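Novice: Mind having a look at this structure? Questions to follow.
Numbering (our numbering), first residue to last: -6 to 144.
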């Protein structure tokens, strides 16, 4: 059964949160797909991951880099899964249907709580995944930026 975690950004933006979550996910040894809302943001986030921290190294790539099947983390706006990822991150309004979602062990939907459209889209995804009897969890940042699971 696919587990879906919803991360409601309020205290930090995606560029601050995504690298930390990807580091943690990468440490599991599982391949990761990051589905991004559009190609321009793919390249921005791909580049950002190389420069966000001088002491960190998270191997990743996108269509521009090539060798998809060899990349432990793959950025794309498409539903493809060329690196055979088990973990899927949905960012910048990216979404998947339940059939695609069921192909992943775990999904991380990261959305900006300051954008009404992002909140509405995430509510729709919550209902969709809950209706498909997937495990769903909701996380919100506390005042210190730590993630707290909410009921």
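A virtual CB, placed ideally from N, CA and C, is assigned to each residue, including glycine. Since the structure is predicted, the reported quantities are computational estimates derived from the model, not experimental observations.
Quick one: what does DSSP say residue 82 is sitting in, helix, strand or coil?
Specialist: Residue 82 sits at position 89 when you count from the first residue of the chain shown. Looking at residue 82 - three-state DSSP - the assignment turns out to be strand.
Novice: From what residue to what residue does the beta strand (DSSP E) around residue 104 run?
Specialist: For the purposes of this step, residue 104 is taken as residue 111 along the chain shown, with counting starting at 1. Unbroken beta strand (DSSP E) run through residue 104: 99 to 105.
Novice: How far does the beta strand (DSSP E) with residue 141 in it extend, from its first residue to its last?
Specialist: Along the chain shown, one-based indexing puts residue 141 at 148. Under the DSSP assignment, residue 141 falls in the beta strand (DSSP E) whose first and last residues are 140 to 143.
Novice: Quick one: what's got a C-beta closer than 8 Å to residue 132's C-beta in the same chain, skipping five residues either side?
Specialist: Position 139 of the chain shown, counting from 1, holds the residue named residue 132. Contacts found: -2, -1, 0, 1, 140, 141, 142, 143.
Novice: Is residue 115 helix, strand or coil by DSSP?
Specialist: By 1-based counting over the chain shown, the position of residue 115 is 122. Helix, per DSSP.
Novice: Return yes when the Cβ of residue 82 is within less than 9 Å of the Cβ of residue 35, no when it is not.
Specialist: Within the chain shown, numbered from 1, the residue matching residue 35 stands at position 42. Within the chain shown, numbered from 1, the residue matching residue 82 stands at position 89. Their beta carbons are not under 9 Å apart, which means residue 35 does not touch residue 82 by this criterion.
Novice: Going residue by residue through the segment 43 to 73, where are the continuous beta strand (DSSP E) segments of at least 3 residues, counting only ones entirely within it?
Specialist: 66 to 69
Novice: With a CB to CB cut of under 6 Å and the five nearest residues on each side skipped, what residues in its chain are close to residue 127?
Specialist: Within the chain shown, residue 127 is the residue found at index 134, counting from 1. Here the set comprises -5, -3.
Novice: Short check: CB of residue 60 to CB of residue 39, under 9 Å?
Specialist: Residue 60 sits at position 67 when you count from the first residue of the chain shown. Residue 39 sits at position 46 when you count from the first residue of the chain shown. No.
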